[in-house]
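Here the sequence shown stands for residues 1 to 710, where the numbers follow UniProt numbering. Ideal placement from N, C-alpha and C gives every residue a C-beta, glycine not left out. Small disclaimer: the values here were computed from a predicted structure and weren't measured.
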Amino acid sequence: KVATKSIERELICPACKELFTHPLILPCQHNVCHKCVKEILFTLEDSFADGGSESSNQSSPRIRISSPSMDRIDRISRSGTKRNSLTPRTTLFPCPGCQHDIDLGERGINGLFRNFTLETIVERHRQAARAAIAIMCDFCKPPPQESTKSCMDCSASYCNECFKVHHPWGTLKAQHEYVGPTTNFRPKILMCPEHEMERVNMYCEICRRPVCHLCKLGGSHANHRVTTMSTAYKTLKEKLSKDIEYLISKESQVKAHISQLGLLLKETECNGERAKEEASQSFEKLIHVLEEKKSAALRAIEASKNLRLDKLRTQAEEYQGFLENNGLVGYAQEVLKETDQSCFVQTAKQLHVRIQKATESLKSFRPAAESSFEDFVVDTAKQEQILSDLSFCSNGLEIPDINEEQSRIYNKAVINWESPGKTDAADIYVLQYRKCNREEENVMWQEIEVCSKSKVISDLDDDSSYAFRVRGYKGSISSPWSKEVILHTPPAPVFSFLFDDKCGYNSERLLLNPRRTAVESRAGFPLLLGAERIQVGCYTTLDYIIGDTGIAKGRHFWAFRVEAYSYLVKVGVVSSAKIQKLFHNTHDVTSPRYEQDSGHDSGSEDACFDSSQPFTLVTLGMKKFFIPKAAADPKDAASRVLPLPSCLGICLDCDSCKVGFYDAGRMKCLYECEVDCSGIMYPAFALMGSAAIHLEEAIATKYLEYQDDL
C-alpha cells in the first residue's frame, strides 16, 4: 500500500486546489472537478456576453441569396455564429492544468467521462484522513451503529444486523456487491456520455477514450481506429506496469537526484541571498550618486539665491536713499544749506555726479537680479527612462529578433521571433505592443509573457499601425529589447468565406482543394477541342468562381495570394442580381483583347467601365497588377502596370458603395472605384490559362495537439 500522504499532490484539483470532487477527464488527459469545469465555463460565457455584445452590434449580417439559381448554396454566416450551419458548435475550455485551450466538442461538458478510478483513490485518501470518524449505518434506529460494509448496488452503508435484514439469503439482493464502509458509490457500469443508455465496450485509439458501439457505427468515431475494451485494458495496464517497474528500478538514481536537488536548494538559497546583497549594494551606489547630485544641486541653488538676495537688498537700499530726508537726497539737501561758495563747489561736484546716476537709474529701472530659477530645473526624463529599463545584465543572453516574414496581421496578429544563437536561450519572453498614434506620442506599451517563440494577439483596431518588440528572460536576467517592427491591420474587419463548389463551378476546368481554400485552372482536353474549332485569333475561356457567403452591409476585407506563374486572373466583387448573367453569358468564349480591364493593349479600352457589366474586377497576371484605364492617365500606359504583391486584399464598403484593392502585405491601397451595392455582394474570381488562387487563412489561436499513445 502506498501512503496516501505521499500522493496527496496528485489528488488536488488544479482549479480549486482542493481534493477532487467528481473529477472529469479532459481531452488533454488532465482532471478537473465537475463543479470547477462548470464555474469556468460560466465565467467564460459571462465575459463573452459582455465583450461580444458591442462587436456583434458593429458587425454586419451576411445573408444567403434567395434567387432560384443560388439555392444550392448551403452555408450562411451571421454575426456571432459559425458560418457553416452544418458544422457542430464546439466549446473551448482553458485547462487549468496545462494552460491550453481544449476543444470539448459539440456536447461540451456532457461529453466528458467521470474518472471513477481517481474518485475511488480520493475517497480512500479521505477515509485515511478521517479514520477516527466512523461511517454510521443508514438504517439503524437512533442511535445508529457503526457500519461494517457498504452496498454498491444500494448506495448505502449497513451494520451487520441491518445488512442481513435488507439482504436476506436466497434473494437477488444477496448477490449485491458490497465493500468496506465508504461514502463513494460509483456505478458498476461505465455508460457512454453521448448515448446514455449504452455501455462503453470499445476504446478509440485516435481520441484515446472509451466509446460504445453506436459511436463506432454512426457517431463521431465512425472513421476512427478502435479496439476492444479488453485489449485496451491489457495494453494500457501492461504499459503502465512497465513504466512503474522502470521507475521503481531507478530508485537509487531518483534518490541521487533528490540529494542533488537538496544541495541545489541550499546553493540556490545562498546564491539568492548573495545576489540580493549585491543588488542592494548596486542600488545603494545609485542612491549615493543621486544624493551627491542632489546635495550639489541644492548648494548651487542656495548660493545663487543668496547672491541674488544680496544684490536686490543693495539695490533696494539705494532706492531708499532717493526718498526725501533719506540717504542721498537728504545729504544733498544738507549740502544745499552751505553758504560758503568754495566749500559748496568742492562738495557739490561729486554729489552732482551721484545725483545724475540716480536719475538715470530711475529712467531705466532694471532689477539687479532675476527672481526666476528656470536655469536650475533638473531634466531627469532620460534618466527616468534609463532607470525604468534597469535590469540585470544579460551575461551573454542574446537579443531576440522578430521574424518579419513569418509575422503577419490579418483577423489577428501572429508575431514570431528567433534567437540568434542556440546557447543561453531565454526561459521566457516578454512581448510588448502599442498602437502607433500620431496624436499621442507616449502611448503605453501592453505586455504579454510568452513561453514559446510566437504569440497570437487579438482585439486590435482596424486600419491602424502597431509596433511590436520582444525581450528574453533567463531567470532574473533579461536581454535588451529587440528592434521594433511595425505592422498594419486591415482597413476593415476580416470577412471569412470559402470557394463555392455549387453555383456556377466548372469542375472540368477548375480544380478546388478539399478545404475549398484554393482554386486552380487546368487547361485540359476541352480547351484544346475549343481551340481546334477556331481558326482566327487567340480565344480562350474565362472560368468564374465566387465565394460561398454574401455581404449585405458594412465594411469587409479579405486577402488572397495569386501564384506567380498565373497567366491571367481577375478578382473583385459581383452582385447577386447579376450572378446569373455572370455564369450564363451567351458569349461563352471571349478574347482577352476585348476585356475592358484585361491589361492588354486594345482600342476598346478607351471607354470607361460600362454600367451594364455584371461585375467589378481588376486584372492580374504575369506577375503584374493592371490598373483599369479609367483610373489612370490614358497617355501614360506605364502608370497602369504595377508589380504583383505577394498577397492581395479587397476592401468592400457597402455603405459608401466603394471597393478597394490593396497590397495586403503593406495594407496600401492600389486602386479604388465605385460599385453598385444594391444587392448582396459576393467575392468573385476569374481564371484563364494556367493560374491559381489561394485564400488567406484566418489566424487562429494554436491549441494543444495530442499524441497517439497506442
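Beta-carbon proximity of residue i to residue j, cut-off 9 Å
i, j, result
"Arg509", "Asp548", "no"
"Asp401", "Ser454", "no"
"Gly111", "Glu194", "yes"
"Val519", "Val573", "no"
"Glu398", "Gly472", "yes"
"Ala664", "Pro490", "yes"
"Glu334", "Gly327", "no"
"Val414", "Ile457", "yes"
"Met197", "Val226", "no"
"Glu146", "Ala134", "yes"
"Val571", "Phe497", "no"
"Glu404", "Val494", "no"
"Asp653", "Ala426", "no"
"Cys677", "Cys657", "yes"
"Phe116", "Leu44", "no"
Residues that residue i bridges to, as DSSP identifies them
i, result
"Trp558", "Ile650"
"Cys33", "Pro23"
"Tyr178", "Cys151"
"Lys570", "Thr619, Ala686"
"Phe661", "Ile650, Tyr671"
"Ile545", "Phe685"
"Glu146", "Met136"
"Met191", "Arg199"
Boundaries (first-last residue) of the alpha helix (DSSP H) holding residue i
i, result
"Gln383", "381–388"
"Ile248", "229–249"
"Glu563", "First-last for Glu563: undefined, no H or E at that position."
"Glu161", "160–166"
"Tyr331", "327–335"
"Glu10", "Where Glu10 is concerned, there is no enclosing alpha helix (DSSP H), given that its DSSP letter is neither H nor E."
"Ser361", "341–363"
Neighbourhood of residue i by C-beta distance below 7 Å, restricted to the same chain and skipping five residues each side
i, result
"Arg522", "Arg509, Leu511"
"Glu384", "none"
"Lys293", "none"
"Leu118", "Phe20, Pro23, Asn31"
"Val675", "Val573, Thr616, Cys657, Lys658, Val659"
"Val163", "Here residue 163 turns out to be Phe, not Val, going by the sequence shown. Excluding positions up to five away in sequence, the list reads Lys149."
"Val378", "Ala297"
Cβ shell of residue i (< 6 Å), same chain only, five flanking positions each side left out
i, result
"Ala15", "Val32, Cys36, Pro96"
"Glu338", "Phe344"
"Lys702", "Bear in mind that a pLDDT of 48 at Lys702, under 50, signals an unreliable position, so the number given afterwards is only what the model happens to contain. If we look at Lys702 and ignore the five residues flanking it on each side, it has no Cβ neighbours."
"Ala607", "Because the pLDDT of Ala607 is 38, which lies under 50, any placement of that residue in the model is unreliable, and the number read from its coordinates should be weighed accordingly. Nothing meets the Cβ criterion."
"Pro210", "Val200, Tyr203"
"Ile12", "none"
"Lys173", "His167"
"Lys474", "Leu397, Ala426, Asp427"
Start-to-end residues for the beta strand (DSSP E) that takes in residue i
i, result
"His221", "That residue, His221, is in no beta strand (DSSP E); it is neither H nor E in DSSP."
"Pro210", "209–211"
"Gly170", "Counting along the chain, Gly170 falls outside any beta strand (DSSP E), and DSSP gives it neither H nor E."
"Pro643", "641–643"
"Trp417", "413–418"
"Glu449", "446–450"
"Arg469", "465–474"
"Met202", "202–204"
"Phe497", "It is not in any beta strand (DSSP E) - Phe497 carries neither H nor E in the DSSP assignment."
"Arg434", "428–435"
Contacts around residue i, its chain only, beta-carbon distance under 8 Å, and the 5 residues preceding and following it disregarded
i, result
"Arg199", "Ile189, Leu190, Met191, Cys192, Cys212"
"Lys623", "Ala564, Pro643, Leu644"
"Cys436", "Val443, Ser464, Ser465, Tyr466, Ala467, Ile486"
"Phe376", "Ala297, Ala300, Ile301, Ser304"
"Val569", "Val562, Thr619, Leu620, Gly621, Phe685, Ala686, Leu687, Met688, Ala691, Ile693"
"Phe113", "Leu24, Ile25, Leu190, Pro193, Arg209, Pro210"
"His176", "Cys151, Met152, Asp153, Cys154, His167"
Stretch-stretch touch, CB-based, cutoff 8 Å, three pairs: the segment 89–107 with the segment 14–32: yes
Count the C-beta pairs between the segment 551–560 and the segment 501–508 that are closer than 8 Å, then say yes if the count reaches three, no if not. no
For the segment 293–303 and the segment 345–362, state whether three or more C-beta atom pairs, one from each stretch, are separated by less than 8 Å. no
contact_flag[the segment 225–240, the segment 253–270] where n(CB pairs < 8 Å) is 3 or more: no
So does the segment 38–47 actually touch the segment 114–129, counting three or more Cβ pairs closer than 8 Å? no
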